[in-house]
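Asker: Line order of the protein sequences matches chains A and B. Letter 1 of the first sequence, counting from 1, is numbered 3 in our numbering, and no numbers are missing. Letter 3 of the second sequence, counting from 1, is numbered 5 in our numbering, and no numbers are missing. What follows is a structure written as structure tokens; I'll ask about it next.
There are 2 protein chains.
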Amino acid sequence: MEKRSELLPGTLDMLILKTLARAPLHGYGIALSIKRISEDVLTVEEGSLYPALQRLLLKGWVKAEWKKTETNRRARYYSLTAAGRKQLGIELSQFEQMMAAIGRVLQET
Amino acid sequence: MEKRSELLPGTLDMLILKTLARAPLHGYGIALSIKRISEDVLTVEEGSLYPALQRLLLKGWVKAEWKKTETNRRARYYSLTAAGRKQLGIELSQFEQMMAAIGRVLQET
DNA sequence: CCGCATATATAGACCATCTATGGATAGAGT
DNA sequence: ACTCTATCCATAGATGGTCTATATATGCGG
Chain A
3 MEKRSELLPG TLDMLILKTL ARAPLHGYGI ALSIKRISED VLTVEEGSLY
53 PALQRLLLKG WVKAEWKKTE TNRRARYYSL TAAGRKQLGI ELSQFEQMMA
103 AIGRVLQET
Chain B
3 MEKRSELLPG TLDMLILKTL ARAPLHGYGI ALSIKRISED VLTVEEGSLY
53 PALQRLLLKG WVKAEWKKTE TNRRARYYSL TAAGRKQLGI ELSQFEQMMA
103 AIGRVLQET
């Protein structure tokens, strides 16, 4: 059959920012969280996740800190910056606007 | 400011198929229709539209026919095939599933 | 000590979309 | 006549996000 993306392209940064807005997390945890909350519909591949986190770091929307996990492993914890929180707001409103627009096209008889 | 796509990537084929499901249209008309119905939020650039139509033709989801427009111009009218109608249904349900999943992630407190 | 889940990261491929063109014609306005 | 604008098609090349594949490393349970 058709091979499809596990993600709606263009939404990954927003999903990461939103996940981090709840609590700081390491990369692996972000992927697990999105997968779990989306009920396995959205799967963030490592090859998408880590480049995305690098982008977000470069833009100053998240910051990173090496720590130990509860299970005593080394992991890089990411958290939202003030700029990241602002950016999340922007992306959410743009996303909603776009969804509303797509909805209009899809519902037009 | 941030430069962003005028479209949510991954939705173009679906929007075209849905537009053609209402009535056959030429390329330019498809772009105008989506722009109008979305109230100027979604803009389909020509460099996105025509390659997309070629893809859809190759997959057999639309067929094309040269005709005259009401204003006496030559134009290529695209219309949905049976396979295209089926494909539209598939894409709509996948899209809704994905939107529901994204919604769960975005609404999680 | 073996296997598995946890954890980070990069290189390269792929593909959809955008930018930038190029071309053609009907009709309106001057 | 002439020009301008909107209508109409199409492609080449750049861009950029996501995926596949790979590499590395470690804590823990059996």
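Idealized CB from N, CA, C, for every residue including glycine.
1) Could you name each continuous beta strand (DSSP E) segment of 3 residues or more that falls completely within the region 19-96 of chain B, going from the start of the chain to the end?
2) What is the DSSP secondary structure of Leu10(B), counted as helix, strand or coil?
3) Once the 5 residues before and after Met3(A) are set aside, which same chain residues still bring their CB inside 6 Å of it?
4) Under a three-way DSSP split, which group does Glu110(B) fall into?
5) Measure from the alpha carbon of Ile32(B) to the alpha carbon of each residue in Trp63(B), Ser81(B), Gly105(B), then state which is nearest.
6) Let me confirm a value: Glu93(A) is counted as buried when at least 16 other C-beta atoms fall within 10 Å, else exposed. Which label applies?
7) Considering only residues of the same chain and omitting the five flanking positions on each side of Leu22(B), which have a CB-CB separation below 8 Å?
8) Which residue wins for smallest C-alpha separation from Leu10(B), given the options Glu67(A), Ala77(A), Gly105(A), Gln109(A)?
9) Taking the Cβ atom as the reference point for each residue, do Gly29(B) and Ser7(A) lie within a distance shorter than 9 Å?
10) By Cβ distance, which residues of its chain are closer than 6 Å to Arg78(A), with the 5 residues on each side in sequence left out?
11) Determine the chain A residues that contact Pro11(B) at a beta-carbon separation under 7 Å, and present them in chain order.
12) Leaving out the 5 sequence neighbours to the left and right, which residues in its chain are closer than 7 Å to Lys20(B) when beta-carbon positions are compared?
13) Would you say Thr83(B) lies against chain A (beta-carbon separation less than 9 Å)?
14) With a 10 Å radius around its C-beta and 16 neighbouring C-beta atoms as the bar for buried, classify Leu60(A) as buried or exposed.
15) Give me the residue from Ala25(B), Gly62(B), Tyr52(B), Val107(B) with the minimum Cα distance to Leu14(B).
16) Suppose you measure from the CA of Leu44(A) to the CA of Gln96(B); what does that come to, to the nearest Å?
Answerer: Checking against the coordinates, here is how it stands:
1) You should have 64-70, 76-82.
2) Translated into the one-based positions of the second sequence, residue 10(B) becomes position 8. Coil, per DSSP.
3) If you number the first sequence from 1, residue 3(A) lands on position 1. Confidence in Met3(A) is poor, its pLDDT being 47 and thus under 50, which makes the residue's placement unreliable; the coordinate value appears in the next sentence. Cβ-Cβ distances below 6 Å link Met3(A) to nothing in the same chain once the five nearest sequence neighbours on each side are left out.
4) Locating residue 110(B) in the second sequence gives position 108, counting from the first residue. Correct three-state label for Glu110(B): coil.
5) Stepping through the second sequence from its first residue, residue 32(B) is reached at position 30. Relative to the Cα of Ile32(B), the nearest Cα in the group Trp63(B), Ser81(B), Gly105(B) belongs to Ser81(B).
6) Taking the first sequence and counting its residues from 1, the one referred to as residue 93(A) is at position 91. In the assembly as shown, Glu93(A) is a buried residue. Its beta-carbon has 16 or more other beta-carbons within 10 Å.
7) Here residue 22(B) refers to the residue found at position 20 of the second sequence. Excluding positions up to five away in sequence, the list reads Ile32, Val64, Tyr80, Ser81, Leu82, Gly86.
8) One-based indexing of the second sequence puts residue 10(B) at position 8. Selected option, being the one with the closest Cα: Gly105(A).
9) Here residue 29(B) refers to the residue found at position 27 when the second sequence is read from its first residue. Here residue 7(A) refers to the residue found at position 5 when the first sequence is read from its first residue. Taking the C-beta atoms as reference points, Ser7(A) is found no nearer than 9 Å to Gly29(B).
10) Within the first sequence, residue 78(A) is the residue found at index 76, counting from 1. Close CB contacts of Arg78(A) within its chain, under the 6 Å cut and outside five residues either way in sequence, are with His28, Ala66, Trp68 (chain order).
11) Along the second sequence, one-based indexing puts residue 11(B) at 9. Chain-order list of chain A residues neighbouring Pro11(B): Pro11, Gly12, by C-beta distance under 7 Å.
12) As a first step, residue 20(B) must be located in the second sequence, where it is residue number 18. The beta carbon of Lys20(B) lies closer than 7 Å to those of Leu90 in the same chain, with the five residues before and after it left out.
13) One-based indexing of the second sequence puts residue 83(B) at position 81. No, Thr83(B) lies away from the interface with chain A (no Cβ there is under 9 Å from its Cβ).
14) Position 58 of the first sequence, counted from the start, is the residue given in the question as residue 60(A). Exposed, by the Cβ-count rule.
15) Here residue 14(B) corresponds to residue number 12 of the second sequence, with the count starting at 1. Selection Ala25(B), Gly62(B), Tyr52(B), Val107(B) evaluated against Leu14(B) yields Tyr52(B) as nearest (Cα-Cα).
16) The residue labelled residue 44(A) in the question sits at position 42 within the first sequence. The residue labelled residue 96(B) in the question sits at position 94 within the second sequence. Whole-angstrom Cα-Cα distance: 12 Å.
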